[in-house]
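Q:
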Amino acid sequence: MNKAILDSLLEKKVELKQRINAIEADFKKGRSQDFSEQTSENENNEVLNEIHHEAKIELDLVTQAISRFEKDEYGLCSQCTAPINPERLRILPYIDTCINCAK
Ligand SMILES: [Zn+2]
Numbered sequence: 157m158n159k160a161i162l163d164s165l166l167e168k169k170v171e172l173k174q175r176i177n178a179i180e181a182d183f184k185k186g187r188s189q190d191f192s193e194q195t196s197e198n199e200n201n202e203v204l205n206e207i208h209h210e211a212k213i214e215l216d217l218v219t220q221a222i223s224r225f226e227k228d229e230y231g232l233c234s235q236c237t238a239p240i241n242p243e244r245l246r247i248l249p250y251i252d253t254c255i256n257c258a259k
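Structure representation (structure tokens):
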């Protein structure tokens with residue numbers, strides 16, 4: 157399989173980890189603000205929570221894609237083992253199901 161894909165997955169993993177760390181640092185910083193700012197702080201935390209949650213899901217998917225790469229299973233559907241359309245992989249490099257199984 158294409159090494160460029162693996163490289164981009166590894167890069168993506170680093171990027172996501174940095175994003176998650178930055179959000180977690182923000183959470184800690186936010187706690188020390190005074191009471192009058194707490195309402196907007198809570199709203200802000202909600203947004204951060206959501207980004208944090210999504211980044212973690214993405215990180216999981218990227219990590220799984222990398223381990224599939226190592227097992228030589230990358231690009232194969234995890235449900236039916238059919239090869240995944242290369243165009244689909246190009247857009248979603250960490251997808252693990254073919255278009256039929258994704259439905
Ligand atoms: Zn499939």
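In case it helps, the numbering used here puts the sequence shown at residues 157 to 259. Just so it is clear, CB atoms sit at the ideal spot from N, CA and C, and this is done for glycine as well. These numbers come from a predicted model, not from an experiment.
1. Closer than 7 Å to a non-hydrogen atom of ligand 1 - does that hold for the CB of T253?
2. Could you tell me the distance, in whole angstroms, from the CA atom of P249 to the CA atom of K184?
3. Quick one: what does DSSP say L248 is sitting in, helix, strand or coil?
4. Does any heavy atom of ligand 1 sit closer than 7 Å to the C-beta of Q220?
5. Starting from the Cα of N201, find the closest Cα among L245, K169, I255 and E180 and give me that residue.
6. Can you give, in chain order, each stretch of the alpha helix (DSSP H) that sits fully within the stretch 218–247 and has at least 4 residues?
7. Between L162, E226, D163 and K173, which lies nearest to D216 when the distance is taken from Cα to Cα?
8. Please tell me whether K168 and V218 are closer than 8 Å, where the distance is taken between their beta carbons.
A: With the structure as the only source:
1. Yes, the Cβ of T253 comes within 7 Å of a heavy atom of ligand 1.
2. Cα-Cα distance, rounded: 33 Å.
3. Looking at L248 - three-state DSSP - the assignment turns out to be coil, as it is neither helix nor strand.
4. Not so, every heavy atom of ligand 1 lies at least 7 Å from the Cβ.
5. Selected option, being the one with the closest Cα: E180.
6. Counting only runs of 4 or more residues that sit fully inside the stretch 218–247, the alpha helix (DSSP H) segments are 242–247, in chain order.
7. Nearest to D216 by alpha-carbon distance, out of L162, E226, D163 and K173, is K173.
8. It is a contact, given that the beta carbons lie within the stated cut-off.
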